[in-house]
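Residue numbers (UniProt numbering), protein chains in the order written: chain Y, 1 to 429; chain C, 1 to 429.
Where is the CB? At the ideal position from N, CA and C, for every residue including glycine.
These numbers come from a predicted model, not from an experiment.
In what follows, a single structure is set out as structure tokens and then discussed.
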């Protein structure tokens, strides 16, 4: 299969490069050519006129709990601990694999159509999640989130489940699925359980993904319970000796930033969720200045409440300017990097996130002939400051087209909505 | 003309009322009935099945400079004074009435299709702006913004132009257009010029609209130049003795909040623009606690960079939570009120902004059968935390349908884009 796109505008994320009236050739799953010069070959299976389209790498969402779309709008405007313990957990306790299946499918539907080509998911019933990803054609890094309440036997069962899942699915779906090991958070996992998970991750040679330092409350409680703030606590438990992606990291001291840098810990910044749950505003400018690898996540639809990665990119570009009185904090192209190439690198993928020869063809097109994306001035600015998920027209992952003219090709959208609504009815009656 | 909508979900903005499977009757420009009970009459000119639609009041954008859409993406990530003086003003100096016409039309196109039914515009060549509003069918409160540089003669000419415009257009287009008088800002208008504008507003019995206390720099310079911060300065000049809408009001002391309250000054909060220009985060929770009438504005597309009022509503709901660590700050329904009914009240319109019998029929429909707006739980939450301009399907203003199934009925979209792009080419070559 050989695809030729002509006359397109390409945001490559190779530095701040933008190619206007350019050309791209995709052969099977790889980008074979991209550039300003028209390639000489003309033996293509498909030719697309890319006029009025901006092509860019698919967005990478590095923190989500996809099934929780079932709880979108169920409880808002509450503090994280109350929201989690009094609202989310009791409802989630009712989730069977059916709820996880259709909740995840609905999120996948929203994400793909909105230009997200790859996501991180931490949840349970992960076989169902992996099957949904496989069917959809998306790319994902999946992990069974382990909450350590309920004693040693429950913990052991969860750990075995997490290990089995991680082994079974790592590298599957033509390499589109990778896996991680996940203690849910220092406040939900006793140290000895985290210790075991770290050992398992080391044996399996898999990265660790966890929540960390999301709220002030969490940091204070950690100090009270264990004598250390979360960063030092996890460091002592060897979490950072593994490859590690932490979500949130809102409340960090300079010293903690130093520790995270030293251990090459990756951070998934979740600005929308952090604002909505009033967790605070992460120190993104400082983290980036230190060269820490930061990416963006929506968190679940229960705390965001959409899965629009354009919005997370925009929030990352906007809130740190307003919060620091520095209009040069997080320039547009840097924010877009967090949502694309740095998202891919955050989950140790080196062959997606950029439009470049030899990279896998995970990319999207945006309709640029709309009022809010005119005039044809700075397209990176338009994507960051003005575009949204609904501007996405076409989506390819691994060289395969998943969305064509806003229609999802791999899944039955009406069936997903029907089953999802039925799950919600069951949960709430 | 009598329109009947059945089986719709209605967010009325009458308190936090939501009517599911409800009915609305619109006769000419007025809402004749809205409720849960099916009305007995059945002699309608048009019947719409509102299943899978959320109906709500059109959004009211209380601060904009519509023609500046021509400068979208022209200069980003710069401080307000540099952005304004080195980039915006030199480009705006090239604007003729043609640039104002097509820049304004493009903004109107974006706003109407995105569910904004009424906007405030402060600019020049205002006859052209008013004509565009009249043709489009939108509602607007328009004002010739006066920058006082250039000496007394220039000031007098501007003031005369502003007065003539305000008199000619106030109440026109079936009452859809109202007018105000606008000194641009305390930092661009000498006190004696502001004084004259206040006198004119008093004579014409029109409100005053101005920028105020947008940046720390502005506040400090005002103190240095005039011995007072902007609030006291404008108070002394009698600005607050008129009905008054100030844009921004980011940097306020408790005492200043007291002065604004005492004078019933209305505030247009512009969260997106304030973040992007790094002006800071306004004290919205305190302003609302004091009962000051606050509404929302996008500011121009040069500093936002879109005119999506759903995004301003969402930012108002989100950033103050994150900034104050209080998840109950600005609940969803309060944020939506700022963007609808309080927007209308902010510009002294008492017959729009709410779906209620006797109110004018300025309303929109949103397609609720989309992944990011499911499940059918809390629709106000979905509108505030998940919806965007692109979810709008139909728009009515004054009982007249302006957008039908995402197509604008009153203007030629392709012609507008063509002329707009031509203006941009002329400006930049």
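Tell me which same chain residues have a C-beta within less than 7 Å of the C-beta of residue 286/Y, skipping the five on either side of it? 257
Identify each residue in the region 94-106 of chain C for which the Cβ-Cβ distance to at least one residue of chain Y is less than 8 Å, and report them in chain order. Those residues of the region 94-106 of chain C that come within reach of chain Y (Cβ to Cβ, closer than 8 Å) are 106.
So is residue 104/C buried or exposed if we call it buried at 16+ other beta carbons inside 10 Å? Result: buried.
So if DSSP puts residue 121/Y in a beta bridge, which residue, or which two residues, is it bridged to? Under DSSP, residue 121/Y forms a beta bridge with 142/Y.
Taking the C-alpha atoms as reference points, what is the distance between residue 259/C and residue 271/C? 22 Å
Pairs of beta-carbons, one from the region 400-417 of chain Y and one from the region 8-19 of chain C, closer than 8 Å: are there three or more? no
Just to confirm before moving on: does the CB-CB distance between residue 162/Y and residue 181/Y stay below 8 Å? yes
Find the nearest neighbour of residue 319/C within the set 288/Y, 295/Y, 282/Y, judged by alpha-carbon distance. Closest by alpha carbon: 282/Y.
What residues from chain C crowd round residue 331/Y, counting only those whose CB sits closer than 8 Å? 76, 77
So if I threshold CB-CB distances at 7 Å, which residues from the region 172-204 of chain Y count as touching chain C? none
Within-8 Å CB hit, residue 86/Y to chain C: For residue 86/Y, the answer is no, since every Cβ of chain C falls outside 8 Å of its Cβ.
In whole angstroms, what separates the C-alpha of residue 74/Y from that of residue 60/C? Residue 74/Y and residue 60/C: Cα-Cα distance of roughly 27 Å.
Take residue 116/C as the anchor and find which of 140/C, 32/C, 98/C has the nearest alpha-carbon. 140/C
Alpha carbon to alpha carbon, how far is residue 343/C from residue 26/C? Give it in angstroms, no decimals. 22 Å
Only counting the same chain, and skipping five residues up and downstream in sequence, which positions put a Cβ closer than 8 Å to that of residue 37/C? 23
Considering residue 233/C, what are the terminal residues of the alpha helix (DSSP H) in which it resides? 230-236
N-terminal and C-terminal residue of the alpha helix (DSSP H) that residue 424/Y is part of: Boundaries of the alpha helix (DSSP H) harbouring residue 424/Y: 413-428, taken from the DSSP string.
Leaving out five residues on either side along the sequence, give the residues of the same chain with a beta carbon under 6 Å from the beta carbon of residue 69/Y. 103, 106, 107, 301
Shorter than 8 Å from the beta carbon of residue 109/Y to some beta carbon of chain C? yes
For chain C, find out if any of its Cβ atoms is closer than 8 Å to the Cβ of residue 326/Y; answer yes or no. yes
Closer than 8 Å, CB to CB, is residue 405/Y near chain C or not? no
Top-ranked residue by Cα proximity to residue 149/Y, from 391/Y, 333/Y, 188/Y: Residue 149/Y has its Cα closest to that of 188/Y, out of 391/Y, 333/Y, 188/Y.
Looking only at DSSP bridge pairs, what is residue 57/Y linked to? Bridge partners of residue 57/Y according to DSSP: 363/Y.
Ignoring anything shorter than 3 residues, give me the beta strand (DSSP E) runs that lie fully in the region 285-366 of chain C, in order along the chain. 294-296
List the residues of chain Y whose Cβ lies closer than 9 Å to the Cβ of residue 385/C, in chain order. Listed along chain Y, the residues sitting closer than 9 Å to residue 385/C by beta-carbon distance are 72, 73, 76, 272, 276, 304, 305, 306.
At the 8 Å Cβ level, is residue 284/C part of the contact set with chain Y, yes or no? no
Counting only C-beta atoms, is residue 372/C closer than 8 Å to chain Y at any point? yes
Between the beta-carbon of residue 144/Y and the beta-carbon of residue 165/Y, is there less than 8 Å? yes
Neighbour flag for residue 222/C against chain Y, beta carbons, 8 Å: Residue 222/C does not count as touching chain Y.
Members of the region 213-244 of chain C near chain Y, C-beta cut-off 8 Å: 216
Over the uninterrupted alpha helix (DSSP H) stretch that includes residue 258/Y, give me the two end residues. 254-262
Reference residue 167/Y; option with closest CA among 299/Y, 28/Y, 127/Y, 370/Y: 127/Y
Alpha carbon to alpha carbon, how far is residue 84/C from residue 207/Y? Give it in angstroms, no decimals. Cα to Cα, residue 207/Y sits roughly 48 Å from residue 84/C.
Between residue 318/Y and chain C, is the shortest Cβ-Cβ distance under 8 Å, so that the two count as touching? For residue 318/Y, the answer is yes, since a Cβ of chain C falls inside 8 Å of its Cβ.
Leaving out the 5 sequence neighbours to the left and right, which residues in its chain are closer than 7 Å to residue 217/Y when beta-carbon positions are compared? 81
Taking 8 Å as the threshold (C-beta atoms), are residue 314/Y and residue 385/Y in contact? yes
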